[in-house]
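Q:
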Amino acid sequence: MFIPYYEDSTNRNYNKLYILFKTNHHSLSRFKRNNTSSNLYRTMENNINESINEIISSKDDYINFMKDEKDNYIAFKNEEKEKFDNWFTKSDEEYNDFMNNSRKNLSNLEKTYSEKLKVEEPSKFMLEKSNEYKKETIHWAIAIVTVSSILLVLLGFILSPKIEFGKKVITVNLFSTEMPVYSSIIILSMICLIIYVIRIFIKIMMSSKHLSEEYRQKYVLTYFYLSLVNSGNLDEKLGNIILSLLFTKADTGLIKTDSSNEYESLIKTLTSV
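So the mapping is simple: the working numbering equals the position in the sequence shown, first residue as 1, plus 29.
1) Could you give the distance in angstroms between the alpha-carbon of Ser178 and the alpha-carbon of Ile231?
2) When the Cα atoms are used, what is the spatial distance from Asn137 to Asn130?
3) Taking the alpha carbon of Val174 as the point to measure from, which residue in Leu274, Ile223 and Ser237 has its own alpha carbon closest?
4) Tell me, to the nearest whole angstrom, how far the beta carbon of Leu255 is from that of Ile220; I am working on the premise that it is less than 8 angstroms.
5) Leaving out the 5 sequence neighbours to the left and right, which residues in its chain are closer than 6 angstroms to Glu83 when beta-carbon positions are compared?
6) Do Ser143 and Leu240 count as a contact pair if the criterion is CB distance below 9 angstroms?
7) Can you find the residues in the same chain that come closer than 6 angstroms, C-beta to C-beta, to Leu156, ignoring five residues on each side of it along the sequence?
8) With DSSP collapsed to three states, give me the class of Leu263.
9) Taking the beta carbon of Ile81 as the centre, do at least 16 other beta carbons fall within 10 Å, making it buried, or is it exposed?
10) In whole angstroms, what separates the C-alpha of Lys89 from that of Phe113?
11) What is the DSSP secondary structure of Thr166, counted as helix, strand or coil?
12) On the premise that Leu257 lies in contact with Val226, defined as a C-beta separation below 8 angstroms, what is that separation, rounded to the nearest angstrom?
13) Taking buried to mean at least 16 other C-beta atoms within 10 Å of its own C-beta, is Leu250 buried or exposed?
14) Going by beta-carbon coordinates alone, are Trp169 and Ile271 separated by less than 9 angstroms?
15) Are the beta-carbon atoms belonging to Thr166 and Ser237 less than 9 angstroms from one another?
16) Whole-angstrom Cβ separation of Tyr162 and Tyr244, contact assumed at under 8 angstroms?
17) Taking all protein chains shown into account, do 16 or more other C-beta atoms lie within 10 angstroms of the C-beta of Ser152, making it buried, or fewer, making it exposed?
18) Roughly how many angstroms lie between the CA atoms of Glu139 and Lys133, to the nearest whole one?
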């Protein structure tokens, strides 16, 4: 039983020795060492290949990452450029609008100042004349009351020449009783005179009042004209109407004129603007 196993073992050893001889390995230990070195080299090669593959994979990942970052940067750059362009365009439009409005306002101010110089002194004159005629109206009103009172007293003396103060009687004879004039004619003449004088005084008072109001209207119309110039809403037709009203001769109100038609024309023009 042991002999075949021994023979088999011996044959295997011979076979190993033969293989070693044929492969130039003269000992079993050297064969094992060579076999171990071969495995080590193979392992190192595998490790190197794995490292190379990892490096290649990492390189591809890095390239893809950098490509994504580049795309993101380009998108961000385009977005920011678009925002900047929009902001710049909007700012440029706002600046142009501001400059245009400023130029327009400056032009209106210059025109207003120029027109103000033209009408400032006339407006002061109109205000002074308005106040002057207003005072005259008051003076004429007082004069009417005074003259009317005096004339009524004279009429009373004519109608009743005797004035009683208690027991004392005063007789006032304005006209001689020997004159061949009827007393009724004298009374009628005095009444007509009183009415005529009062009527004249009233006309003068109303004329002063009319002139005061007209100069006041011209004064207000002057600053209305300046406000239209300043706002830039004054056209040529409206400006001509206002200027013609400002520098036409003042109406005394004693004679009817067509000045009311001019004011009606101004009102129609203003309502149509």
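Quick reminder that beta carbons are idealized off the backbone N, C-alpha and C, glycines included.
A: On the basis of the supplied data:
1) Against the sequence shown, residue 178 aligns to sequence position 149. Against the sequence shown, residue 231 aligns to sequence position 202. Spanning the two alpha carbons is a distance of roughly 14 angstroms.
2) The residue given as residue 137 occupies position 108 in the sequence shown. The residue given as residue 130 occupies position 101 in the sequence shown. In a straight line, the C-alpha of Asn137 is about 10 angstroms away from that of Asn130.
3) By one-based count along the sequence shown, residue 174 stands at place 145. The option with the nearest alpha carbon to Val174 is Ile223.
4) If you number the sequence shown from 1, residue 255 lands on position 226. If you number the sequence shown from 1, residue 220 lands on position 191. That belief does not hold up - the Cβ atoms of Leu255 and Ile220 are roughly 53 angstroms apart, past 8 angstroms.
5) Taking the sequence shown and counting its residues from 1, the one referred to as residue 83 is at position 54. None.
6) Against the sequence shown, residue 240 aligns to sequence position 211. Against the sequence shown, residue 143 aligns to sequence position 114. No, Cβ-Cβ distance for Leu240 and Ser143 is not below 9 angstroms.
7) Taking the first residue of the sequence shown as position 1, residue 156 is located at position 127. These residues qualify, in order along the chain: Tyr248.
8) Taking the first residue of the sequence shown as position 1, residue 263 is located at position 234. Residue state, collapsed to three classes: coil.
9) Position 52 of the sequence shown, counted from the first residue, corresponds to residue 81. By the neighbour-count rule (16 or more Cβ atoms within 10 Å), Ile81 is not buried but exposed.
10) Translated into positions along the sequence shown, residue 89 becomes position 60. Translated into positions along the sequence shown, residue 113 becomes position 84. First, the amino acid is wrong: residue 89 is Asp here, not Lys. Near 35 angstroms, if we compare the C-alpha coordinates of Phe113 and Asp89.
11) Translated into positions along the sequence shown, residue 166 becomes position 137. Helix.
12) As a first step, residue 226 must be located in the sequence shown, where it is residue number 197. As a first step, residue 257 must be located in the sequence shown, where it is residue number 228. Not really, about 46 angstroms apart at Cβ, beyond 8 angstroms.
13) Looking up residue 250 in the sequence shown gives position 221. Per the 10 Å Cβ criterion, buried.
14) What you label residue 169 is simply residue 140 of the sequence shown in a count that begins at 1. What you label residue 271 is simply residue 242 of the sequence shown in a count that begins at 1. No; because the gap between Cβ atoms is not below 9 angstroms, this pair is not in contact.
15) In the sequence shown, the residue the question calls residue 166 occupies position 137. In the sequence shown, the residue the question calls residue 237 occupies position 208. Cβ atoms of Thr166 and Ser237: closer than 9 angstroms.
16) On the sequence shown, position 133 is the one that residue 162 refers to. On the sequence shown, position 215 is the one that residue 244 refers to. Between Tyr244 and Tyr162 the Cβ distance is about 7 angstroms, and since that is below 8 angstroms, they are a contact.
17) As a working mapping, residue 152 is identified with position 123 in the sequence shown. Buried, because 16 or more other Cβ atoms sit within 10 Å of the Cβ of Ser152.
18) Residue mapping note: residue 139 aligns to position 110 of the sequence shown, counting from 1. Residue mapping note: residue 133 aligns to position 104 of the sequence shown, counting from 1. Taking the straight line joining both Cα atoms gives about 10 angstroms.
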